[in-house]
Amino acid sequence: YYYTFATSEAMADAELALVRQAVYGKELTLPLAVDVEENKLKPMSTLDLTNLTAYALEHVEKMGFYAQLYTYTGYSYELDMQRLAGRWDIWLADYTGKTPAVGYHYNAHQHTSKGRVSGISGNVDLNVTTLNYPKIIKTKGLTRLREV
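As structure tokens, this is what we get:
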């Protein structure tokens, strides 16, 4: 699961409430990602956008899930990635065909949006990671919504 959010904590709260409804009663085996790549967020300062992103990631954790930030290489320069990557898992989209040369750590790399998978017609996103997310998430007990 992943979601995008708006430009204030109140708007993020409204979207997080929708996420809570979407995951209610479900068991997740992969991270719940906060998708930060919306152009309407670019007018925000790096500090404000980073704070809002951290706010959303913290709330995903409070829900009881493995929180992950999803963004693309170019957009990551709008964020304080040292701060965010020092605390949360990063899923980075970069379609250059090369390993992204960034100054922060990421664990998942979306390397194309034009992949092919048997049984699916049309293009699909392809990702790679060295982490066994299902095992990590199950071991940490981050599979289900916490009833808060």
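Here our numbering is used: the first residue of the sequence shown is 304, the next is one more, and so on. Glycine included, each C-beta is placed from N, C-alpha and C at the ideal position.
Bridge partners - residue i, DSSP secondary structure assignment
| i | result |
| --- | --- |
| valine 427 | Gly418 |
| threonine 432 | Ala411 |
Proximity below 8 Å, CB of residue i to CB of residue j
| i | j | result |
| --- | --- | --- |
| alanine 336 | tyrosine 373 | yes |
| leucine 355 | glutamate 312 | yes |
| isoleucine 423 | threonine 332 | no |
Distance, residue j Cα to residue i Cα
| i | j | result |
| --- | --- | --- |
| tyrosine 436 | methionine 314 | 29 Å |
| tyrosine 407 | lysine 443 | 24 Å |
| tryptophan 391 | lysine 345 | 21 Å |
| aspartate 360 | proline 403 | Contrary to the premise, residue 360 reads as leucine rather than aspartate in this sequence. In a straight line, the C-alpha of leucine 360 is about 23 Å away from that of proline 403. |
| tyrosine 305 | lysine 329 | Any reading at tyrosine 305 needs caution, since the residue's pLDDT is 47, under 50, leaving its predicted position unreliable; the model's value is listed next. Distance between the alpha carbons of tyrosine 305 and lysine 329: 14 Å. |
| threonine 433 | histidine 414 | 14 Å |
| leucine 429 | asparagine 410 | 14 Å |
Where residue i falls, given that 16 or more other Cβ within 10 Å makes a residue buried
| i | result |
| --- | --- |
| histidine 362 | buried |
| glutamate 450 | exposed |
| alanine 320 | exposed |
Cβ of residue i within 8 Å of any chain C Cβ
| i | result |
| --- | --- |
| tyrosine 373 | As a matter of chain content, chain C is missing from the structure shown, which is built from one protein chain. |
Query raised in the report: At which residue ranges does the stretch 357 to 409 contain complete alpha helix (DSSP H) runs of 4 or more residues, listed in the order of the chain?
Result: If only uninterrupted alpha helix (DSSP H) runs of at least 4 residues are considered, those enclosed by the stretch 357 to 409 are 376 to 379 and 384 to 388.
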